[in-house]
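Under the working numbering, the final residue of the sequence shown carries the number 571; numbering is consecutive throughout.
Backbone N, C-alpha and C define an ideal beta-carbon position, used for all residues, glycine too.
No experiment lies behind these values; they were computed from the predicted model shown.
Report on one structure; see the data block that follows.
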Amino acid sequence: IGPNTPFPGRMGVNTALTFSLLATALVTLQAGNEHARRWGEACAVTSGAIALLSVIGHVYGVPALTRLTAYATQMAVHTSATLLLLSLGVLAAFPDGRLKGLLASSGPGGMVTRRLVPTVFASLLLIGLLRLEGQRAGFYGTEFGLAIMTFVSTAVVVAAIMWSAGALDRAAAGQQAAEVAAQGIGEQLVQAQKMEAIGRLASGVAHDFNNTLTAIFGYVDLIGEGLPKNGSAHQDLDEVRKAAHRAAGLTRQLLAFSRQQILEPVVLNLNDLVEEIGNMVERILGEDVALRINLAAEVENVRADPVQLQQVIMNLVVNARDAMPAGGKLLIETANAHLTEQYTEMHRPVIPGSYVMLAVSDTGSGMDEVTKARIFEPFFTTKEKGRGTGLGLSTVYGIVKQSGGYIWTYSEVGRGTTFKVYLPRVEAPAEQIAPPREAKTVEGTETILLAEDDEMLRPLAKSVLERLGYTVLEAKDGDRALAVAGTHSGPVHLLVSDVVMPGGSGRDLARRLVAARPETKVLYVSGYTDDAIVQHGMLESGLHFLQKPFTPAVLARKIREVLDAS
Numbered sequence: 006i007g008p009n010t011p012f013p014g015r016m017g018v019n020t021a022l023t024f025s026l027l028a029t030a031l032v033t034l035q036a037g038n039e040h041a042r043r044w045g046e047a048c049a050v051t052s053g054a055i056a057l058l059s060v061i062g063h064v065y066g067v068p069a070l071t072r073l074t075a076y077a078t079q080m081a082v083h084t085s086a087t088l089l090l091l092s093l094g095v096l097a098a099f100p101d102g103r104l105k106g107l108l109a110s111s112g113p114g115g116m117v118t119r120r121l122v123p124t125v126f127a128s129l130l131l132i133g134l135l136r137l138e139g140q141r142a143g144f145y146g147t148e149f150g151l152a153i154m155t156f157v158s159t160a161v162v163v164a165a166i167m168w169s170a171g172a173l174d175r176a177a178a179g180q181q182a183a184e185v186a187a188q189g190i191g192e193q194l195v196q197a198q199k200m201e202a203i204g205r206l207a208s209g210v211a212h213d214f215n216n217t218l219t220a221i222f223g224y225v226d227l228i229g230e231g232l233p234k235n236g237s238a239h240q241d242l243d244e245v246r247k248a249a250h251r252a253a254g255l256t257r258q259l260l261a262f263s264r265q266q267i268l269e270p271v272v273l274n275l276n277d278l279v280e281e282i283g284n285m286v287e288r289i290l291g292e293d294v295a296l297r298i299n300l301a302a303e304v305e306n307v308r309a310d311p312v313q314l315q316q317v318i319m320n321l322v323v324n325a326r327d328a329m330p331a332g333g334k335l336l337i338e339t340a341n342a343h344l345t346e347q348y349t350e351m352h353r354p355v356i357p358g359s360y361v362m363l364a365v366s367d368t369g370s371g372m373d374e375v376t377k378a379r380i381f382e383p384f385f386t387t388k389e390k391g392r393g394t395g396l397g398l399s400t401v402y403g404i405v406k407q408s409g410g411y412i413w414t415y416s417e418v419g420r421g422t423t424f425k426v427y428l429p430r431v432e433a434p435a436e437q438i439a440p441p442r443e444a445k446t447v448e449g450t451e452t453i454l455l456a457e458d459d460e461m462l463r464p465l466a467k468s469v470l471e472r473l474g475y476t477v478l479e480a481k482d483g484d485r486a487l488a489v490a491g492t493h494s495g496p497v498h499l500l501v502s503d504v505v506m507p508g509g510s511g512r513d514l515a516r517r518l519v520a521a522r523p524e525t526k527v528l529y530v531s532g533y534t535d536d537a538i539v540q541h542g543m544l545e546s547g548l549h550f551l552q553k554p555f556t557p558a559v560l561a562r563k564i565r566e567v568l569d570a571s
């Protein structure tokens, strides 16, 4: 116990609590009751968390983390480390513990956990310490340090994920191949399951960074307002902003691959869509590639997001162009197609029925079977370094799957490649797509109720909106938001609410607030794509939604758009 300890010679409250939790865990370890053992495991986890928090407090020099109250005795560093090891030992002693089972599992989940947890924890601890020491040395301020730390953390976690994904891919491929041989299931099912597993992993990573990237965008803009436009510091901020945009683009592509992005589907005709972007395709291909477009007459309509389908076509075109560095021919064609049961038996998990086909064919280098089996995996590329991210075709795969369609590849080495996209046919007329209306101004004087549980984003959003002239009432959850609105004597013109918050969803908050104040409009924001208002990537009709990450300018335009809507 150090000389500055308020009560020398006494055991700290957190030390005593940790011992009590460990004792409880050891007692319940001997119980025959499954429920009691689960409680014991929870006690061991809690004791380990308290000890780990104290260790981090000593590493970062934050005494408040080493005791429960300002006047309590600190937990010494050797005590913290010992109790942490004891907690891990107790967890390992539970014969059927969930955490022990996950860590010891020979399956992909155990492999990923064993690889990711130590690497990510050690890396983030080191990054945070370096950021803290840099700030203490006066190299940068809090906001700039936070932005740099977040960017580096993003790079570390993504690198760790991709490193583990390679091993996961190999393990999953071997296990699934054995199951297919035993059950007589086709190779297509193996590929679909593997892509689904990688997609869930990619989706989780993308979601976790949405809030962080939104904060980076916001604080970079706020810091930049107070710096000379031509100064070196402003140029450094521009580099941070560019890096954040690249990271945001990465998360969008990961969400597209994992079929978790938000779509705005309409009934459209593929022929019209191809004709609309024909000139753009020619510019991308250049003079060395001859383009031919063959659109079948009376092609039926499909229901899809036009912007995302354009991205599908452009990504396939770019992939074809890169496969023909010396020039060649590119064919884009459409046709109605009916997939029979005989065809779908050979191309699982396709469902028989009526489709519209979009095909993109090139006369490039083609692919062997090994390459063809991996082309839709995220970050897989055969291009030289610096010429591709490996996300183009994985994005295509995700968009097509989320649109209810299928994509198949036909390729021969030295002969070229054809990608065929099948989208379900719909019996409905094509809709007229109105161009988006830009708000003439983003300033306003209305009153906005901001409900956001993220302590990093809420003050940022409040500052941005107040600079635009709005009156902002803030709250960190739904109950507090209702209380703030109840004490406000004037109108509340707009509720800006996170969808997922502790103590109740943003949807529930909006329902209760609008019941009391019918004139209030609502804008939902979220970093998740499957929540109370978005189901399987489809936004409920009539709702206003802004997906994270977004910049302050995007937030300002969206708020003005909602306020001005009739």
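Same chain only: Cβ atoms within 7 Å of residue i, ignoring 5 sequence neighbours per side
i	result
A98	L34
S92	L27, A49, S52, G53, A56
L296	V286, E287, L290, L335
G474	E448, G449, T450
A152	I221, Y224, V225, V245
Where the beta strand (DSSP E) through residue i begins and ends
i	result
P429	421 to 431
V527	526 to 531
V18	No beta strand (DSSP E) contains V18, which is instead part of the alpha helix (DSSP H) from 18 to 34.
S502	499 to 503
L70	Segment: none, L70 is in no beta strand (DSSP E) and carries neither H nor E.
L290	No beta strand (DSSP E) holds L290; the alpha helix (DSSP H) holding it covers 283 to 290.
Buried or exposed by the 16-neighbour rule on C-beta atoms within 10 Å, applied to residue i
i	result
A187	No answer about A187 holds up, because its pLDDT of 44 lies below 50 and its placement is not dependable.
Q523	Residue identity check: residue 523 is Pro in the sequence provided, not Gln. Exposed, by the Cβ-count rule.
P557	buried
S366	buried
G171	exposed
D458	buried
L470	buried
R565	buried
P434	exposed
G17	buried
D310	buried
Q240	exposed
K553	buried
Endpoints, alpha helix (DSSP H) assigned at residue i
i	result
F550	Unbroken run through F550 is the beta strand (DSSP E), 550 to 552; no alpha helix (DSSP H).
Y348	346 to 351
S510	From DSSP, S510 is part of no alpha helix (DSSP H); its letter is neither H nor E.
V361	Here V361 belongs to no alpha helix (DSSP H); instead the beta strand (DSSP E) covers 358 to 367.
Y402	397 to 407
V312	311 to 327
T87	82 to 98
E479	Not the alpha helix (DSSP H): E479 falls in the beta strand (DSSP E), residues 476 to 480.
I380	First-last for I380: undefined, no H or E at that position.
E566	557 to 569
Residue i - partner residues in DSSP beta bridges
i	result
N274	N306
S416	T422
T339	L300, L363
L135	DSSP output for L135 lists no bridge partner at all.
K334	A295
V60	V60 is not bridged to any residue.
A456	A480, S502
Cβ-based neighbour list, residue i, same chain, cut-off 8 Å, excluding 5 preceding and 5 following
i	result
E436	V271, V272, L273
Y348	V355, P357
E460	K481
V32	G45
C-beta atoms of residue i and residue j nearer than 7 Å
i	j	result
D503	V530	yes
E338	N306	no
L428	V489	no
G278	V304	Note on residue identity: the sequence assigns Leu, not Gly, to residue 278. Cβ atoms of L278 and V304: not closer than 7 Å.
V418	G483	no
L454	V497	yes
L580	L499	An answer regarding residue 580 cannot be provided, because it is not within the stretch 6 to 571 covered by the chain.
L575	G231	Any question about residue 575 goes unanswered here, given that the chain covers just 6 to 571.
T217	T155	yes
L88	T29	no
A486	A466	no
Residues of its chain near residue i, where Cβ-Cβ distance is below 6 Å and the 5 sequence neighbours each way are ignored
i	result
H343	S359
Q315	I282
S85	A56, S59, V60
G62	L70, T71
T476	T452
Contact with chain D by residue i, beta-carbon distance below 7 Å
i	result
L242	Structure shown: chain D not included; a single protein chain is present.
Closer than 6 Å: residue i CB and nearest the ligand ZN heavy atom
i	result
T400	Annotation note on the ligand ZN: not contained in the displayed structure, which lists no ligands.
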